[in-house]
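Down below is the structure, laid out as structure tokens.
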Amino acid sequence: MRYPEVRRDDTVETIHGEAIADPYRWLEDGESGQTRDFVAAQNALAEPILAALPARKAFRRIVTALLEAPTRGCPWQRGDRVFAWHSDGQNQPVLVVADSVDELESGRVLLDPNALSSDGTVAVTMASVSPDGALLAYGAADGGSDWRTIRIRDVATGEDLADEIPWTKWNGAVWLPGHRAFSYWAYDAPTGDALTDEMGGGRLMRHDVGTDAADDAVLFARPDEPRLFARHWPRDDDWFVLSTDTGSSSGNDLAVRRHDEGPEALRQLVTGHEHEWNAVGIRDGRLFAVTDEGAARYRLAAFDLETGAQSTIVPEHPEDVLLDASLTASGLVLEYSHDASHRMQLATFDGELGDAVPLGDGVSITGSESSARSTTVFASTQSFVDRGTRHVIEVDGDRLVAHRTLPTPGPAAPAAATERIRVASTDGATVPAFLVRPGEDRSAAVEGPRPTLIWGYGGFNIPMNPGFRAVLAAWVAAGGVLVVPNLRGGGEFGSEWHKAGTKERKQQVFDDLFAVAEHLIERGVTTRAQLALHGRSNGGLLAGAALTQRPELWAAVLPGVGVLDMLRYHRFTIGWAWASDYGDPDDPAAHAYLRAYSPLHNVRQGVAYPPTLITTGDHDDRVVPAHSFKFAAELQRAQAAAGLDDPSTDAPVLLSVDTRAGHGMGKPKDAAALEFADQLAFAAHHTGLVVGSPDEVLDEPALDAAALDPGAR
């Protein structure tokens, strides 16, 4: 076998005085015949190599079993009805409605996304029920795209109304007073390639149920600032609250008016887009918001809606991060992160702390629902060994009245040992990580060094908390060690931890990863010949940068849907919004540090790279597949130049493209099972993990007990 011949042209662009060669720019045109031929050739190369991997069939069975185990989402109540997403192994979970939370198991299926397409590739990516429980607004996305069409379903009859709103993204539908109209975020219909073209300005719209979407009114638009996002939240019958921001993790502004006032009546509460202000609810003329203004670990503030005066309700915690807050009829519910695990605490409306809610140790809160009209709180949690527990909590102000859990069908949680390790990074800062081993023994010396998979992210203020993912749970079930580090750039320890891994500080994220990897080797958890790295999206950037900077450190690297061309990421779809974390490539200073680590631009000819499996979807309109296409072509060329030109026997560089998938949201379980099996079998083969036959592995109690929410970041 040889790598496919990929045409290189003489495209060179001078950027800030530097000549940047871009010989594979033609691969950015996803609709061209040449690009389709490239994808076909790459898949034709990868498929037989992946099919021959000894553990592929076993991992496909393992992952399928994990994905098909029952899962139950966090319930929520609207009017006299209770709703929840349920999965019993379908490609897409179904939305169930019942008269009470205890009747959900026998509830009626209100919406089955699997019936929206023959192949399970149409997913419901947004669902919002009106406050009276009468109407469901839902967004359907095709083939993994972020684009969605909003439709409306009558909850009582289960029938769709005639309403149809195309070309929407990002925001959910937020219902307006009267419960027969809602806000949403919309764009003009694309005139070019809807999956790649840079997006212009959007607008916040109002849709009245039963009317033509073409007649919808504009609630907010700023044509002079096309890179501004807006959303109306939280829902309130008296006040319209508008939040605006300029990027994926930048600060936001808040403005308010009464619903019966015109747009010109908007009054700014916060300006400058410098800090986060997560508005969570309104009570007695006060708007509550979680903010990092003057509080890196966040505090709960309140605005007097008449005067705009701000006060602190719950101050910053000395150690823990305030993740979220919500209102009940009698008090506040606070959600904290403590050492990257979550806890819940009650408080009065004036911020007096009360009872803790016993959700368990080492868990993540994956969903919570409360209402300012009720004293019942619903929550769902996960851990590395618990696929999901649902909690029903009764409160009276800051006092816990009752707490119970709802049973989930299917097997119990598996046995696994999870410990926290702490590593000194290059600048002396301590970087924690979760270390997960199959079984119950935490000792690193139990069996000596083991094949180990690091799953990393490190960006956009997104935390890596305990939680189930099929690709990770299957690795542990098969006997591998899993490590999930809390790298800078993430959201585990507050806004300063996040900012320490952004823009010109992004290299620190990679250095944190290298420190963790080296610690695992020094401690004897694993060896270089047994260490694999996997990451998706921003985590795909992490994997690509780690591959090009420290190729000798890895036995295998698996970048998924990665941001790999840091000089042109902002030219496609919504990429410009990521400048809040990465910096703007059009700025000379940012160009310099982006060029220094951009994976595509740091592939070195003659360097022998470790076995690499790059995965993407040709419908990915968030991180467009051209990132992966260009990186794979450049990396294969370098590998061949290093004398590793036979991918069937040498260290292979493979590109596997799903031709009916996007960034990952709503991916059918059968397609996800195949992708995950390929990634795990590739990692197992190159790290020396010996996986038993499917029947042997499936007979393991830890696997029989395992299950996983199918979502993937």
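Residue numbers for the sequence shown follow the numbering used here, beginning at 999 and rising by one. Positions of the beta carbon are idealized from the N, C-alpha and C atoms, including for glycine.
Check	Outcome
Cross-strand partners of His1401 (DSSP beta bridge)	Ile1391
Candidates Asp1186, Leu1193, Gly1198, Ala1179: closest to His1230 by CA position	Ala1179
Where Val1010 falls, given that 16 or more other Cβ within 10 Å makes a residue buried	exposed
Range covered by the alpha helix (DSSP H) that runs through Pro1718	Residue 1718 lies beyond the residue range present for the chain, which begins at 999 and ends at 1711; the question has no answer from this structure.
Any 3 or more C-beta pairs closer than 8 Å across the region 1481-1500 and the region 1587-1598	no
For Ser1381: DSSP bridge partner residues	Asp1384
Residues near His1389 in its chain [Cβ-Cβ closer than 6 Å; skip 5 each side]	Ala1377, Thr1403
Continuous beta strand (DSSP E) assignments of at least 3 residues falling wholly in the region 1094-1151	1106-1109, 1120-1127, 1133-1140
Beta bridge counterpart(s) of Arg1229 as assigned by DSSP	Ser1241
Touching by the beta-carbon criterion (3+ pairs, under 8 Å), the region 1603-1612 and the region 1568-1580	no
Beta strand (DSSP E) segments (min. 3 residues) lying fully within the region 1054-1081	1074-1076
Three-state secondary structure assigned by DSSP to Ile1460	coil
Contact check, Gly1170 vs Met1203, beta carbons under 8 Å	no
Ranges of the alpha helix (DSSP H) found wholly within the region 1505-1565, counting only runs of at least 4	1505-1521, 1536-1547
Extent of the continuous beta strand (DSSP E) to which Ile1612 belongs	1610-1615
Asp1337, enclosing alpha helix (DSSP H) - first and last residue	Premise fails: Asp1337 is in no alpha helix (DSSP H) and is neither H nor E.
Spatial distance of Ala1442 from Ala1422 (CA atoms)	Note that Ala1442 scores a pLDDT of 47, beneath 50, so its modelled location is shaky and nothing firm can be said.
Entirely enclosed beta strand (DSSP E) segments - the region 1161-1205, minimum 3 residues	1179-1184
Reduced DSSP secondary structure (H/G/I, E/B, other) of Glu1272	coil
Residue environment, Asp1035, which counts as buried when at least 16 other CB atoms sit within 10 Å	exposed
Leu1351 vs Phe1301 beta-carbon contact at 8 Å	no
Between the CA atoms of Asn1250 and Asp1236 - distance to the nearest angstrom	22 Å
Contact check, Gly991 vs Ser1381, beta carbons under 8 Å	With the chain covering only 999 through 1711, there is no way to say anything about residue 991.
Secondary structure of Val1651, DSSP reduced to three states	strand
Residue environment, Arg1000, which counts as buried when at least 16 other CB atoms sit within 10 Å	exposed
Endpoints, the alpha helix (DSSP H) within which Gln1634 is located	1624-1639
CA-to-CA distance, Asn1276 to Glu1291, given in whole angstroms	11 Å
DSSP three-state assignment for Glu1490, whether helix, strand or coil	coil
Assigned exposure category for Ala1187 - 16 Cβ within 10 Å defines buried	exposed
Helix, strand or coil at Ala1154 according to DSSP, with G and I counted as helix	coil
Beta-carbon separation (whole angstroms), Val1288 vs Ala1323, contact threshold 8 Å	6 Å
Reduced DSSP secondary structure (H/G/I, E/B, other) of His1084	strand
For Gln1677, three-class secondary structure by DSSP	helix
Own chain, CB closer than 6 Å to Gly1538, minus 5 neighbours either side, in chain order	Pro1557, Gly1558, Val1559, Gly1560
Burial state of Thr1166, where buried means 16 or more other Cβ atoms lie within 10 Å	buried
Own chain partners of Asp1007 with C-beta closer than 6 Å, once the 5 adjacent residues on each side are dropped	Pro1021
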